[in-house]
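Asker: Going by the working numbering, the sequence shown opens with residue 2, and the numbers climb by one from there.
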Amino acid sequence: MKKSYRQYLLGCICLIIAILVLFLYHSNSPSVEIVQDTLTSQQEIDSTLSETITNGTYTLEQPFVILNPYGNAPLSALIAFSTEKETSVTITVAGKDEQSTFTHEFGQATSHLIPVYGLYADSLNQITLTLSDGRTQTIEIQTDPLPNDLALPSSVYADKSRLENDLYFVTPSSQGYTAAYDINGDVRWYLTSKNVWDVKRLENGNLLLSSDRTMAPPYYMTGLMEMDLLGKVYVEYVLEAGYHHDAIELPNGNLLIAGNNPDRMTVEDYVVELDRTTGQVIKSLDLTSILPTEAAKSENWTEHDWFHNNSVDFDEANQAIILSGRHQDAVISIDYKTGDLNWIVGDSTGWPEEMQHYFFTPIGENFEWQWSQHSAKIFPSGDLAIFDNGNNRSKNPYNYVNPNNNYSRGVIYHLDTNNMTIEQVFEYGKERGSSFYSPYISEIDYLGANHYLIHSGGIGSINGEALNQPAFFYENANLSSQTVEVLDGERIFELDLPSHFYRASKLSLYTDSNNYSLTPGKRVGTLGETKTLPIKVKGLRFNKNELGEEYQIKLTQESDRLILTGNFKEGQKVKLILNKLGDQRVYDIRITTTAYTAMCVDLFNPDQVTNADRLSITKYVNAEGLLGQYELYLEVDNIVYPLHQSVTFQ
């Protein structure tokens, strides 16, 4: 009996010592920080707003007013109030002149949720509400100054007699903000979150932008977000292997998305159709099964990034997908039902003989092919529009055009697919020479008959000499972008910004389908299971190794993934290990400075050198397929180190 008591007491002492040791380990090791992604945090904001507005007694005379309710759109606000009888509400956001003043009528209701868009920064803004019963109320909203690093126009040209009050939305390419400028060049909307790539307006009036979460270098995002101008996310679409460059809404309401094939080592050669309701991929196109990957190599071609698809469009009349392969200087049409190649627009040099029948024969005068193009799309006329970046203007290095003598342009081609002829019917930009030359990014948009927006987004120079690569690769380079609106061949608007911007769109602030609600946003789709190595690591339980502070390990957990960042030496062999009884997962962490010399944006500097010999590396482990509590370990050059932390997946 005494012996049993002594054994019990000894066991308790050992347990206390183990707990103390574990505490000391944890106190000197990285902790897993639980972080809320945008969608999760906004769900809480919606709940709080709904409770506040529902429980309050807000009237036209004393309304509920909140600036930047979701924390990411500082020049937007929300006004809420109730009326005894149904009434419509007209909002007027005062501007500096008629074409910078915004007015919109909201339909009949007794409970009014009025989103306010288009405020000026660092100003006391005047917002007037006019009810259909004749009552009015003016509300003043004070805003903060713009961030110091938000690009302000270096010049603006506006023929106001031919312009209305739509805004010009731009998305950053190097550093900066997704923002919108009015015809005076004033910033009237911007995001502080990193929702990048193209901005498109959906049929329901919301915007379609990238997610603000990265998943792999250099610029692959977890998916897309459907957002209004208050910055509220209604739906986050996530997909395995992520999203880049471009996505569009199909006639059936689904999304056509430029992505990557999760089962291949190549990138930017995969397109998927995503069901808007379920988030499931219901169709995919793998370009490696359609095109030869070794053909027609441009200067930026790599085995890893052989096609570099940078735009998607849908040709409804022909039920075809239009894609832009920058690294093959080719725009292609693919039958969406069969997956068969319809045609290729571009110089046929370097393509196999058996594929020459896919190419067009030029007719007419002053014809030129496009090079390293972006933003290929079919206009309502059936013509093909392209932003021709113009890189080198030849596949033969001996015939390369010097950037000082080069140019970029928006160009429109008329295609005769019966006779396989192509005619150039419009161009703008060539006459501006190297001052309009953008060796990457950029866009052309349709605004109406003979009415286009042409955005040269990546202009760069050093000491007056034009650059043939993105200017952010160089120290002391001058960066600029020029967004030009052309009507009937004449420039009617131009916005010049001292930074690079990926794309530009001209959009109204308010739409007839405005649908703001306090319903919490949702996430659809899946990031998929993160691939593991087919190995098991033994001896974890009694491992007493300690990882050095020089690795600067940081662990964070979002609602659907674990994120590890750390500093490592080039070429180190690193593995992350998640271990629980009966379930061990081993993940490879690649430590390398992969050169992405043809990247279209450089937003996040993912492989940043932190000092002379270390790289900052991020590893994402998706929650899909994981359940319960896992202890965390890191293996570096075949030595296993406990991180003294656990992570729980539900």
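For each residue, glycine too, the CB sits at the ideal point set by N, CA and C.
1) List the DSSP bridge partners of Val157.
2) Taking only runs that begin and end inside the stretch 433-458, name each unbroken alpha helix (DSSP H) of 4 or more residues, in chain order.
3) Are there 16 or more other CB atoms within 10 angstroms of the CB of Gln329, so buried, or fewer, so exposed?
4) Which residues in the same chain as His452 place their Cβ atom closer than 6 Å to its Cβ, once the five residues preceding and following it in sequence are excluded?
5) What are the boundary residues of the alpha helix (DSSP H) that includes Asn56?
6) Met421: buried (16+ other C-beta within 10 angstroms of its C-beta) or exposed?
7) Is DSSP giving Val610 helix, strand or coil here?
8) Checking 8 Å against the spacing of the C-beta atoms, do Asp145 and Asn166 come in under that value?
9) Who does Gln127 pair with in a DSSP beta bridge?
10) By the 10 Å Cβ neighbour count, where 16 or more other Cβ atoms means buried, how is Lys524 classified, buried or exposed?
11) According to DSSP, is Leu556 part of a helix, a strand, or is it coil?
12) Can you tell me whether Ala110 is buried or exposed, with buried defined as 16 or more other CB within 10 angstroms of its CB?
13) Looking only at its chain, what residues have a beta carbon closer than 8 Å to the beta carbon of Met266, apart from the 5 residues adjacent to it on each side?
14) The beta strand (DSSP E) spanning Val36 covers which residue range?
15) Considering Cα atoms alone, identify which of Glu366, Phe315 and Ile291 is closest to Asp341.
16) If you draw a straight line from the C-alpha of Leu563 to the C-alpha of Tyr235, how long is it?
17) By DSSP's criteria, Tyr178 is part of a beta bridge. Which residues make up the other side?
18) Quick check on Phe170: does DSSP put it in helix, strand or coil?
19) Below 8 Å between beta carbons: does that hold for Leu168 and Arg189?
20) Do you know whose CA, among Ser42, Ile554, His113 and Leu579, lies nearest Ala624's CA?
21) Buried or exposed for Asn400, going by 16 or more other Cβ atoms inside 10 Å?
22) Name, in chain order, the residues that DSSP records as bridge partners for Leu114.
23) With respect to the beta strand (DSSP E) encompassing Asp389, which residues constitute its N-terminal and C-terminal limits?
24) Considering only residues of the same chain and omitting the five flanking positions on each side of Val22, which have a CB-CB separation below 7 Å?
25) Would you identify the three-state DSSP class for Lys233, choosing helix, strand or coil?
26) Using 10 angstroms around the beta-carbon of Pro381, count the other beta-carbons present and answer buried if the total reaches 16, otherwise exposed.
27) Buried or exposed for Ser462, going by 16 or more other Cβ atoms inside 10 Å?
28) Any beta carbon from chain D within less than 8 Å of Ser373's own beta carbon?
29) So, for Asn29: in the same chain, excluding its five sequence neighbours on each side, which residues have a beta-carbon less than 7 Å away from its beta-carbon?
30) Which value, in whole angstroms, describes the spacing of the CA atoms of Glu495 and Leu151?
31) Between the alpha carbons of His375 and Asp270, how many angstroms are there, rounded?
32) What first and last residue would you give for the beta strand (DSSP E) that runs through Tyr503?
33) According to DSSP, which residues form a beta bridge with His105?
34) Rounded C-beta distance between Phe368 and Glu444? I'm assuming under 8 Å.
35) Buried or exposed for Lys507, going by 16 or more other Cβ atoms inside 10 Å?
36) Around the C-beta of Asn73, are 16 or more other C-beta atoms found within 10 angstroms, so that it is buried, or is it exposed?
Answerer: Taking the coordinates as given:
1) Leu496
2) none
3) buried
4) Leu488
5) Thr39 to Asn56
6) exposed
7) With a pLDDT of 49 at Val610, under the threshold of 50, the predicted position of this residue should be treated as unreliable, though the coordinate-derived value follows. In this structure, Val610 counts as strand in the three-state DSSP scheme.
8) no
9) Glu141
10) Correcting the residue identity first, residue 524 is Arg in this sequence and not Lys. It counts as buried.
11) strand
12) exposed
13) His305
14) Segment: none, Val36 is in no beta strand (DSSP E) and carries neither H nor E.
15) Ile291
16) 24 Å
17) For Tyr178, which the question treats as bridged, DSSP gives no partner whatsoever.
18) strand
19) yes
20) Leu579
21) exposed
22) Ala81
23) Leu385 to Asp389
24) Confidence at Val22 is low in this model, with a pLDDT of 41, below 50, so its placement is unreliable and the value that follows should be read with caution. Counting only Cβ-Cβ distances below 7 Å, and skipping sequence neighbours, we find nothing.
25) coil
26) exposed
27) buried
28) No chain D appears in this structure, which consists of one protein chain only.
29) Confidence at Asn29 is low in this model, with a pLDDT of 44, below 50, so the placement of that residue is unreliable and no value is reported for it.
30) 18 Å
31) 15 Å
32) Phe502 to Leu508
33) Ile92
34) About 22 Å separates the two Cβ atoms, so there is no contact after all.
35) buried
36) buried
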